[in-house]
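Peer 1:
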Amino acid sequence: MKENEPQRPPLVRFLGGRTSIFVLSIVLLIGLIIMVFSNISFIFDPLSGFIGTVALPVILSIVGYYLLSPLVNALQRYKIKRGWGILLVFVVLSGLITILLLTILPFLRDQTEALIASFPGYARQLGMDIDMWARNSPFETQYMEISKNMQTNAEEFLGSLTQNFSDIAGQTLDSVTGLIATLTNFIVSLVTVPFILFYLLKDGTKLYNGFLHVLPPKMRGRTGAMLIEMDEQLRSYIQGQMLVSLCIGIMMYIGFLIIGLDYALLLAAIASVTSVVPYLGPVIAITPAIIIAIVTSPFMVLKLAIVWTIVQLLEGKFISPQIMGKSLQIHPVTIIFVLLTAAHLYGVVGVLIGLPTYALIKVLIQYLFALYKHRYNRFSEKETDRYAIVENDDHV
Numbered sequence: 580m581k582e583n584e585p586q587r588p589p590l591v592r593f594l595g596g597r598t599s600i601f602v603l604s605i606v607l608l609i610g611l612i613i614m615v616f617s618n619i620s621f622i623f624d625p626l627s628g629f630i631g632t633v634a635l636p637v638i639l640s641i642v643g644y645y646l647l648s649p650l651v652n653a654l655q656r657y658k659i660k661r662g663w664g665i666l667l668v669f670v671v672l673s674g675l676i677t678i679l680l681l682t683i684l685p686f687l688r689d690q691t692e693a694l695i696a697s698f699p700g701y702a703r704q705l706g707m708d709i710d711m712w713a714r715n716s717p718f719e720t721q722y723m724e725i726s727k728n729m730q731t732n733a734e735e736f737l738g739s740l741t742q743n744f745s746d747i748a749g750q751t752l753d754s755v756t757g758l759i760a761t762l763t764n765f766i767v768s769l770v771t772v773p774f775i776l777f778y779l780l781k782d783g784t785k786l787y788n789g790f791l792h793v794l795p796p797k798m799r800g801r802t803g804a805m806l807i808e809m810d811e812q813l814r815s816y817i818q819g820q821m822l823v824s825l826c827i828g829i830m831m832y833i834g835f836l837i838i839g840l841d842y843a844l845l846l847a848a849i850a851s852v853t854s855v856v857p858y859l860g861p862v863i864a865i866t867p868a869i870i871i872a873i874v875t876s877p878f879m880v881l882k883l884a885i886v887w888t889i890v891q892l893l894e895g896k897f898i899s900p901q902i903m904g905k906s907l908q909i910h911p912v913t914i915i916f917v918l919l920t921a922a923h924l925y926g927v928v929g930v931l932i933g934l935p936t937y938a939l940i941k942v943l944i945q946y947l948f949a950l951y952k953h954r955y956n957r958f959s960e961k962e963t964d965r966y967a968i969v970e971n972d973d974h975v
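The numbering of the sequence shown is the numbering used here, which starts it at 580 and goes up by one.
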């Protein structure tokens, strides 16, 4: 210890110094806040209901903003006023959606109805194939025991259905009522999306500048850098993911047509939609295709495997690196944990928004840690710090 350095109390030295005490105090304070809120959570029920109501239209509007803002900006560069450019984009988009509904959607609907009608037959044929294979395999004894247990459980389940019919009917009625309420909320959300989206496209920059000018001048530079990075993360993820999904859908449709797989358009559409979920999406998408291929013929399974492998290689090695790069900079293991946690907490919506939300939280934590370093500086502040303090930020 240096001679001029003041003597610290033994407890402070034991806890690692004042910086460690500060961090420990913050952790304890967060734990205390969580404990208090968990005991008075009923106070926040109205707030959670409000957030649940506005979350869907806001999320859809943000996605639409990042998809349509490049078109609006391009029209503005051609001397078209921003408001008129937004209306023009809306008109063209409405026309494209109408054409899609009148052409592709009926064909997609017919394939969906045909697949639903044929699926019991596919499932029955698949069960017969599995039964035949299992009876002629070394696992015949175990298979027969499992089949017997499943039959017993099925009989018990049917018996419980008969005994508890009134309860089941009441639960079904409640489910139908809940479904109607959910559909109503969804329709209302869809109606409000164009209005929110219009003002986001028109006044998005004003919102950014207005928020910065509310802050103290010394915080504007650092906070502006944080918001810009958040914007870039969301923009690259949403735009890139949508383009990658479109490419996967087109490649799958062409591949399914080449090998002659039934319901090619429907299966390609499923693959395109589910591809927005990394790692888990392809597994979900290939399941119905595998069932149809197995029932069709063993050779169809081989052809499906070839098509799927080629598409995944093209997407992983060429399309995603070129379009998205490493936009979120998240480790694959972290991605899986985030998706599983988000799915457990918020279901399908959590899976869709889990990764971009995690990326935004990551940027926010980096920002807060930069503030901590500046206030309690035991590390040397580098000039290359992305959130370096701006003392004079008149340019913001």
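Every residue gets a Cβ at the ideal spot worked out from N, C-alpha and C, and that includes glycine.
Measuring alpha carbon to alpha carbon, tell me which of TYR816, VAL917 and GLY783 ends up nearest ARG661.
Peer 2: GLY783
Peer 1: Applying the criterion that 16 or more other CB atoms from any shown protein chain within 10 Å of the CB defines a buried residue, is VAL862 buried or exposed?
Peer 2: exposed
Peer 1: Over what stretch of residues does the alpha helix (DSSP H) that includes ILE873 continue unbroken?
Peer 2: 859 to 875
Peer 1: Is it the case that the Cβ atoms of LEU918 and VAL930 are separated by a distance below 7 Å?
Peer 2: yes
Peer 1: Which stretch, first to last residue, makes up the alpha helix (DSSP H) that contains LYS797?
Peer 2: Where LYS797 is concerned, the enclosing alpha helix (DSSP H) stretches over 796 to 838.
Peer 1: Just verifying my parser: in three-state terms, what is the DSSP assignment at LYS785?
Peer 2: helix
Peer 1: Would you kindly report the start and end of the unbroken alpha helix (DSSP H) that includes PRO852?
Peer 2: The question names Pro, but residue 852 is Val in the sequence shown. 843 to 853 is the extent of the alpha helix (DSSP H) around VAL852.
Peer 1: Does DSSP classify HIS792 as helix, strand or coil?
Peer 2: DSSP places HIS792 in the helix class (H, G or I) of the three-state scheme.
Peer 1: Suppose the cutoff is 7 Å on Cβ atoms and the five residues either side in sequence are ignored; what does the same chain contact list for ILE915 look like?
Peer 2: TYR858
Peer 1: Please list, in chain order, all residues of the same chain as LEU647 whose beta carbon is under 7 Å from its beta carbon, the five residues on each side excluded.
Peer 2: VAL668 and LEU780
Peer 1: Given a threshold of 16 other Cβ atoms within 10 Å of its Cβ, counted over all protein chains shown, does SER673 qualify as buried or as exposed?
Peer 2: exposed
Peer 1: Using only the alpha-carbon positions, how far apart do ILE609 and ILE940 sit?
Peer 2: 16 Å
Peer 1: Hey, GLY828 and ALA847: beta-carbon distance below 7 Å or not?
Peer 2: Yes.
Peer 1: Any contact of the stretch 686 to 706 with the stretch 864 to 882, i.e. 3+ C-beta pairs under 8 Å?
Peer 2: yes
Peer 1: Could you work out which residue in PRO867, PRO699 and GLN820 is closest to GLU894 when comparing CA atoms only?
Peer 2: GLN820
Peer 1: I need the DSSP call for HIS910, collapsed to helix, strand or coil.
Peer 2: coil
Peer 1: Around the C-beta of GLU808, are 16 or more other C-beta atoms found within 10 angstroms, so that it is buried, or is it exposed?
Peer 2: buried
Peer 1: Which residues in the same chain as ILE869 place their Cβ atom closer than 8 Å to its Cβ, once the five residues preceding and following it in sequence are excluded?
Peer 2: VAL880 and LEU883
Peer 1: Rounded to a whole number of angstroms, what is the C-alpha to C-alpha distance between TYR937 and LEU769?
Peer 2: Going by the C-alpha atoms only, they are around 26 Å apart.
Peer 1: Alpha carbons only, please: which of ILE865, VAL886, LEU845 and HIS910 is nearest the one belonging to ASP689?
Peer 2: LEU845
Peer 1: In the DSSP assignment, find the alpha helix (DSSP H) that holds ILE902 and state where it starts and stops.
Peer 2: 899 to 902
Peer 1: If we call anything under 7 Å between Cβ atoms a contact, is ILE775 one with PRO649?
Peer 2: no
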